[in-house]
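Asker: Just so you know, the working numbering puts 257 at position 275 of the sequence shown, and the rest follows in order with no gaps.
Glycine is no exception: its CB is placed at the ideal position from the N, C-alpha and C atoms.
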Amino acid sequence: MPDPSADSLPPAELPKPGDSGLTRLAYLRQVLGASHAPPAGPPLAPALHPAEKALEESQRLLELFFAQSLDGFYFMMLDEPVRWDSSTDKEAVLEWVLEHQRMTRVNEAMAAQYGADPGQLIGLSPAQIFAHDLAHARRVWREFFDTGRVHVETEGRRLDGQPVWIEGDYICLYAPDGRIIGHFGIQRDITARRRHDEEISRSREELRALAARLQSVREDERARISREVHDELGQALTGLRLDLSWLRGRLKDRPELAERVHSAVTRIDGTIDTVRRIATELRPSVLDHLGLLAAVEWQAQEFEKRTGMPVRLELSSAHPALDDARATTVFRILQESLTNVARHAGASHVHIALALGPEVVTLTVADDGRGISDAERTSLRSLGLVGIRERAIACGGECTIEGRAGQGTTVHARIPLGEGETP
Ligand SMILES: Nc1ncnc2c1ncn2[C@@H]1O[C@H](COP(=O)(O)OP(=O)(O)OP(=O)(O)O)[C@@H](O)[C@H]1O
Ligand SMILES: [Mg+2]
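1. Could you give the residue range of the alpha helix (DSSP H) that holds L52?
2. Roughly how many angstroms lie between the CA atoms of V243 and L215, to the nearest whole one?
3. On the DSSP bridge assignment, give the partners of S299 in chain order.
4. Report the CB separation of V293 from A282 in whole angstroms; it is logged as a contact under 8 Å.
5. Would you say the beta carbon of T321 is closer than 7 Å to some non-hydrogen atom of ligand 2?
6. Is it buried or exposed, V368, if we count other Cβ atoms within 10 angstroms and call 16 or more buried?
7. Can you tell me the Cα-Cα spacing of A329 and D349, whole angstroms?
8. Please find out if some non-hydrogen atom of ligand 2 comes closer than 7 Å to the beta-carbon of G366.
9. Within 10 angstroms of its Cβ, does L116 collect 16 or more other Cβ (buried), or is it exposed?
10. Within the stretch 140 to 225, note down every full beta strand (DSSP E) run reaching 3 residues or more, in order along the chain.
11. Pick helix, strand or coil for I354, following the three-state DSSP scheme.
12. If contact is defined by three or more beta carbon pairs under 8 Å, each pair taking one atom from either stretch, is the stretch 75 to 95 in contact with the stretch 43 to 57?
13. To which residues of the same chain is A174 closer than 7 Å at the C-beta, ignoring the five residues directly before and after it?
14. Compare the C-alpha of R308 against each of M59, R259 and L269 and name the closest.
15. Can L76 and G164 be called in contact, C-beta distance under 8 Å?
16. According to DSSP, is T310 helix, strand or coil?
17. Going by C-alpha to C-alpha distance, which of V393, Q144, T262 and A387 sits closest to C381?
18. Would you mind giving the Cβ-Cβ distance between F48 and N89, rounded to the nearest angstrom? I have them listed as a contact below 8 Å.
19. Hey, out of T311, L30, V323 and T321, whose CA is closest to R409's CA?
20. Is E372 near ligand 2, in the sense that its beta carbon is under 7 Å from a heavy atom of that ligand?
21. How about R352: is its Cβ closer than 7 Å to a heavy atom in ligand 1?
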């Protein structure tokens, strides 16, 4: 128990398990200040000076903390101090340091991270601990000595060869003349977290790939159905119309029948229009035949006609031919953005800017409506917006959606035209 007498220095407060690494560091710094005390010797005489008592207490707490910490702690000291400044041949020093720095103290938690007893780690050098990846060790050590401290995640090896992911803070120890004498580290085993993160990012990638595949299958299917509806159904109706017109010409003396046939022709005309509209909605042929710029222009006119909202259109092209996947992506983003403007914005103007640059295509759709809120932007139910972003990502690009209350919403997509894969 600490000596409660009034003349003893207050011992540093022992960090609790779960306290941050920084709290522990601060503690360690505090108690390290007293570490020049002689090593624990035989029991001290009862007439101890109060300052010595305080040192003894600090020492004892440090030991306790070191032994009981849930984080791994260790000290690694150099066989000889090294100079590390502009006059140093850093490559040569690094090589020496990797071989001539040794674990001198290790707590149980640290040893457990390597599946070892503390005794098995004592004496090991960085070259031995990082034998599986010396290049990484050199990189980290160089930065470490340059800055005096690092925070890194490293893939280490347990003594049985199994990989272990370690996150740690490492701090250099210096001699009074500025030379480095060693370092100490505080580190945690984060293997489970890394595995978890990797699983999440793998499953996210799988979902992305699946979404991209579904989109491209859907586009192919829409294009096929659109063609069939337009060609097969359109031609059949046109043929029917021609036959009926011919028949009508032969019914001059049967006006009531001629009238019936005329009404059938009119209905067929209406059906042909419907077929064209359905085919165009499925896949605008202008996109395939005249390209993205013409399709965007056409879509803007359609939007104006349908909503009565004026559209300001800004088109520029330095890249005549765009591949089908990217053209479709940009066009579908435009369609979804315009549908949203019509449905949600309450806007009075829309501005569409499409720039086909040599390396990137950018599309901006800005309205002057109520402005999408952050909650709407990030909601998991905003699947239209998720679709916009995913389409852009599937082409190696990105899409941002921004809203300012009362001032409008801007959708900005940026698709690179590199050699990258397209869905
Ligand atoms: N231009 C806009 N101005 C204001 N609010 C918008 C705008 N675009 C989207 N929003 C808001 O964001 C929400 C999500 O849009 P999103 O396109 O994801 O879904 P949706 O249009 O409601 O349904 P759908 O799945 O049919 O597209 C909308 O419900 C609307 O509240
Ligand atoms: Mg929508």
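Answerer: Per the coordinate set shown:
1. Against the sequence shown, residue 52 aligns to sequence position 70. Taken as a continuous stretch (DSSP letters only), L52 belongs to no alpha helix (DSSP H), as it is neither H nor E.
2. Here the question's residue 243 lines up with position 261 in the sequence shown. Here the question's residue 215 lines up with position 233 in the sequence shown. Approximately 20 Å, taken between the alpha carbons.
3. Translated into positions along the sequence shown, residue 299 becomes position 317. DSSP lists L338 as partners of S299.
4. The sequence position of residue 293 within the sequence shown is 311, counting from 1. The sequence position of residue 282 within the sequence shown is 300, counting from 1. The pair is a contact, with the Cβ atoms about 5 Å apart (cut-off 8 Å).
5. Counting from one through the sequence shown, the residue named residue 321 turns up at place 339. The answer is yes for T321.
6. Here residue 368 refers to the residue found at position 386 of the sequence shown. So V368 ends up on the exposed side.
7. By one-based count along the sequence shown, residue 329 stands at place 347. By one-based count along the sequence shown, residue 349 stands at place 367. The alpha-carbon atoms of A329 and D349 are separated by roughly 6 Å.
8. Residue 366 sits at position 384 when you count from the first residue of the sequence shown. For ligand 2, at least one heavy atom lies less than 7 Å from the Cβ of G366.
9. As a first step, residue 116 is located in the sequence shown; it is residue number 134 there, counting from the start. So L116 ends up on the exposed side.
10. 145 to 156 and 162 to 171
11. Walking along the sequence shown from the start, residue 354 turns up at place 372. I354 falls in the coil class under three-state DSSP.
12. yes
13. Counting from one through the sequence shown, the residue named residue 174 turns up at place 192. Within the same chain, A174 has no close Cβ partners at all.
14. Position 326 of the sequence shown holds residue 308. Measuring from the Cα of R308, the nearest candidate turns out to be L269.
15. Against the sequence shown, residue 76 aligns to sequence position 94. Against the sequence shown, residue 164 aligns to sequence position 182. Not a contact, by the Cβ cut-off of 8 Å.
16. On the sequence shown, position 328 is the one that residue 310 refers to. If DSSP states are grouped into helix, strand and coil, T310 belongs with the helices.
17. Within the sequence shown, the letter at position 399 stands for residue 381. Checked all of V393, Q144, T262 and A387; the closest Cα to C381 is V393.
18. Along the sequence shown, read from residue 1 onward, the residue named residue 48 stands at position 66. Along the sequence shown, read from residue 1 onward, the residue named residue 89 stands at position 107. Indeed they touch by this definition, with Cβ atoms about 5 Å apart.
19. Outside the shown range of the chain (-17 to 405) lies residue 409, about which nothing can therefore be said.
20. Taking the first residue of the sequence shown as position 1, residue 372 is located at position 390. No - ligand 2 has no heavy atom lying nearer than 7 Å to the Cβ of E372.
21. One-based indexing of the sequence shown puts residue 352 at position 370. Yes, the Cβ of R352 comes within 7 Å of a heavy atom of ligand 1.
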